[in-house]
Amino acid sequence: MRIWKEWSLTRAYGEAGVLPSLTHLQIWKCERLVSLLPGEPQQQTRTWGSFPRLQSIEIWGCEMLFALRRSWDLQRFTSLTSLVLTKCYDSLVGLFPEEGLLPTTLTSLSINDFEYIELLNGKSLQQLTSLESLSIVRCEKLRCLPEERLPPSLSFLRIHDCPFLERRCQRENGEDWHKIDHISRVKIIGEYIML
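So the sequence shown is residues 1 to 195, counted in the UniProt record's numbering.
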């Protein structure tokens, strides 16, 4: 699907939209895909419905789609609890996630293989009041955790193959330890730290 650029509607849709029972959406290696759903953002909810049952989205290796992430409007998916983003390269991203990008319904967020990310946006993460699990894997340029503490709802944090973070989050003597000491389960480099 590397050459797939856009969605195509080939049949009529009703009041409920297309795929009203969809619970999981995975988009893998669609390097040229330019929208999360077909149509212009303002038409997508009308055309596709609000996906009332959509619980998880996984996007892997979709560079153009990720570059246009501000048009995703994830807040319209009121049942969305899990978001996995892997190999979403955008050399302009130094700070992630942007404010308002992620819905407050998320309970699980995984950020994997982000080559260019240097900082996490603490203000944006604080808005994720339901977030319970955060996984950060192979984000080698990520220098530190945000100054704001991670959301108080967070009960699991995984950091793997992030050399700067791993060093800064070492129990008790790491520079960022005080930012995560409220999280009950922390896994760094494969080692569980139970608090």
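Just so you know, even glycine gets a beta-carbon here, dropped at the ideal spot from N, CA and C.
What are the boundary residues of the beta strand (DSSP E) that includes residue i?
i    : result
S82  : S82 to T86
R167 : R167 -> not in any beta strand (DSSP E); alpha helix (DSSP H) instead, spanning P163 to R168.
I111 : S108 to N112
W60  : S56 to W60
V93  : Where V93 is concerned, there is no enclosing beta strand (DSSP E), given that its DSSP letter is neither H nor E.
R158 : F156 to H160
Q75  : Taken as a continuous stretch (DSSP letters only), Q75 belongs to no beta strand (DSSP E), as it is neither H nor E.
L25  : H24 to W28
Using a 10 Å radius around the Cβ and a threshold of 16 neighbouring Cβ atoms, would you call residue i buried or exposed?
i    : result
P152 : exposed
G174 : buried
R167 : exposed
R69  : buried
V186 : buried
Taking 7 Å as the limit between beta carbons, can you name the residues of its chain near residue i, skipping five residues before and five after?
i    : result
T45  : The predicted position of T45 is uncertain, since its pLDDT is 47 and thus under 50; no value can be drawn from it.
G122 : P146, E147 and E148
Q126 : E148 and P151
L54  : L22, T23, L25, F77, S79 and L80
P97  : N121 and S124
W177 : C169, Q170 and R171
Determine whether the beta carbon atoms of residue i and residue j lie at a separation below 8 Å.
i    : j    : result
T105 : T86  : no
E191 : P163 : no
V137 : N112 : yes
S124 : L101 : yes
I188 : C169 : yes
F156 : S130 : no
F51  : L33  : no
S135 : R158 : yes
V84  : E118 : no
Please check if any C-beta of chain D sits within less than 8 Å of the C-beta of residue i.
i   : result
E99 : Although the question refers to chain D, the structure presented lacks it and comprises just one protein chain.
What residue range does the alpha helix (DSSP H) around residue i cover?
i    : result
K179 : W177 to I180
K187 : Segment R185 to I188 is the beta strand (DSSP E) holding K187; no alpha helix (DSSP H) there.
Q126 : G122 to Q126
E63  : E63 to A67
Spatial neighbours of residue i within its chain, please: C-beta separation below 6 Å, excluding the five flanking residues on both sides.
i    : result
K179 : L145 and R149
G61  : K29 and K87
L120 : P146
H160 : V137
S110 : V84 and S135
I27  : I59 and C62
I193 : R171 and V186
Excluding five sequence neighbours on each side, which residues of the same chain lie with their C-beta closer than 8 Å to the C-beta of residue i?
i   : result
L74 : I57, L80, L83, L101, L102 and P103
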